[in-house]
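I have placed the structure first, in the form of structure tokens, so that the comments after it can refer back to it.
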Amino acid sequence: MRWLLLAALISCKTEKVDPHREPTESVSASELAFWKWFAAHAGEPTADVGAQLRKIDPELSYVRRGNELILVGNAAKRVADAAPAIPGWRVSWK
566 MRWLLLAALI SCKTEKVDPH REPTESVSAS ELAFWKWFAA HAGEPTADVG
616 AQLRKIDPEL SYVRRGNELI LVGNAAKRVA DAAPAIPGWR VSWK
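Each residue of the sequence shown is one higher than the one before, counting from 566 in this note's numbering.
In structure tokens, the structure reads:
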């Protein structure tokens, strides 16, 4: 299943998030908590990004391509828009 998702994402265009843009909607406490956690743990090979995202929305998932985090799901755009600038990382959504 994960390979199918990865194949679909590779063939699709993603939207980049401008780290300097202000969020268009109010940011929830769970989104703020995720980005704070991600900034602290993203470089760790055992970081469970999926478990943290599911705290925001059980349908939210991700694909990591190098230092790009691609969020996938109904809440992907909203969560990506809430992303702060994290040095060395790009955030996009599908």
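Ideal placement from N, C-alpha and C gives every residue a C-beta, glycine not left out.
- Here the alpha carbons of K642 and R655 stand approximately 14 Å from one another.
- Around the beta carbon of D646, 16 or more other beta carbons lie within 10 angstroms, which makes this residue buried.
- Here L625 is buried. Its C-beta has 16 or more other C-beta atoms within 10 Å.
- Taking the CA atoms as reference points, G615 sits about 10 Å from L636.
- For V614, there is no enclosing beta strand (DSSP E); the enclosing alpha helix (DSSP H) covers residues 614-619.
- Ranked by Cα distance from R629, the first of N639, D622, E609, K620 is E609.
- Counting along the chain, S591 sits inside no beta strand (DSSP E), nor does DSSP assign it H or E at all.
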